[in-house]
Amino acid sequence: MFEVVAMIAVLFVVISQVTYNWALIEFAQDGAGIAKSSIQRLRTMFLDTAEAIDGQWILKNRPSARISPRDPKPPFHRFAEIQGEQQVAAAKLAASETPTPKLRSDDLFHSFTNSPIPEIRRRAAFMRQHAYCPHPEHRATRVPTIAPHGEENQAQTGQLAPAHVDFECPDCGVPVYCSKEHWMDNYEAHLEICDTLREINEDDHDLRSGRAFPEFVMAEDQMPEAVVNMTNWDTFMYSREFEAVNDERSMRQVTKMLTYPVTIGNEP
1 MFEVVAMIAV LFVVISQVTY NWALIEFAQD GAGIAKSSIQ RLRTMFLDTA
51 EAIDGQWILK NRPSARISPR DPKPPFHRFA EIQGEQQVAA AKLAASETPT
101 PKLRSDDLFH SFTNSPIPEI RRRAAFMRQH AYCPHPEHRA TRVPTIAPHG
151 EENQAQTGQL APAHVDFECP DCGVPVYCSK EHWMDNYEAH LEICDTLREI
201 NEDDHDLRSG RAFPEFVMAE DQMPEAVVNM TNWDTFMYSR EFEAVNDERS
251 MRQVTKMLTY PVTIGNEP
């Protein structure tokens, strides 16, 4: 009886092993069939979308990728050339979008009244309506903020009524006196501020000239441990890692903008 049971067990093991091997063979055959079918489908798709030209497979419906007799170089060899053409096109587009400057750098001085900038012409009209002639023959319209002393204290107030400015100084282009006669009579006093007014005139036209302002590109965030030297504008901008500003007008523009928020004075 024991021998019969043992033989049945051995027979069961043999049958199980044969069944397992047969299943593996069928699975492998099915996998090979699936792989073969997939390869055939991929080959058909490839032949439908590509064609052989001069021994190379080229995608169909891609004229830019074809190799023409006029362009013997393969597409991948033209990558740098195409990239360069794209950069040139981008530069031309940027140049076309950049507005043309209204004023050249050597054409910034204009009288306020005849300025090509409408905003400055409106400023000239506002000055004519509200600013008074500083000639001493006119009666004072405001109390001086600084008490006069010496000869100034003995000066008598003029008898003429206050008059609005109307005459523009030809040297600074700003309406400063009510008439040419008063401007000529008080010319020495006007010379003390004439150069400054001319700089203001040119700087205001420069701000509205339409040029690029690289001096207004502010410095990046600063390291907390970095020490800023606020002795003057040059040391401040150097220690704060601003871009170097070598032009006097550009320096005036950027320091004029920074004076109040930074709360430091300009170096004389």
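Using the working numbering, the first residue of the sequence shown is number 1, and each one after it goes up by one.
All residues carry an ideal CB built from backbone N, CA and C; glycine is no exception.
None of the values given here were measured: they were computed from a predicted structure.
Every unbroken stretch of the alpha helix (DSSP H) spanning 4 or more residues and falling wholly within the stretch 137-207 is given here in chain order: 151-154, 180-185 and 187-207. Annotated as proximal: Asp-166 and Pro-175, with beta-carbon spacing under 8 Å. The shortest C-alpha to C-alpha distance from Arg-123 to any of Pro-224, Phe-236, Ser-209 and Asp-204 is the one to Asp-204.
With distances taken between CA atoms, Pro-134 lies nearest to Trp-183 out of Phe-126, Trp-183, Gly-173 and Phe-109. Cα atoms of Met-237 and Cys-172: separation of roughly 30 Å, rounded to the nearest angstrom. Setting aside the 5 residues that flank it on each side, Val-245 is surrounded in the same chain by Glu-215, Met-237, Met-251 and Val-254, each with a C-beta closer than 8 Å to its C-beta; the list follows chain order. Contact annotation, Tyr-132 with Thr-141: C-beta distance approximately 5 Å; criterion of less than 8 Å satisfied. The criterion of a C-beta distance shorter than 8 Å is satisfied by Arg-139 and Pro-162. A straight-line Cα-Cα distance of about 7 Å links Glu-243 and Ala-219. Contact between Arg-104 and Phe-112 does not hold, since the beta-carbon distance rounds to 19 Å and is not under 8 Å.
Scanning Asp-195, Asn-201 and Leu-197 for the CA closest to the CA of His-110 turns up Asn-201. Taking C-alpha positions only, Ser-179 is separated from Asp-206 by approximately 28 Å.
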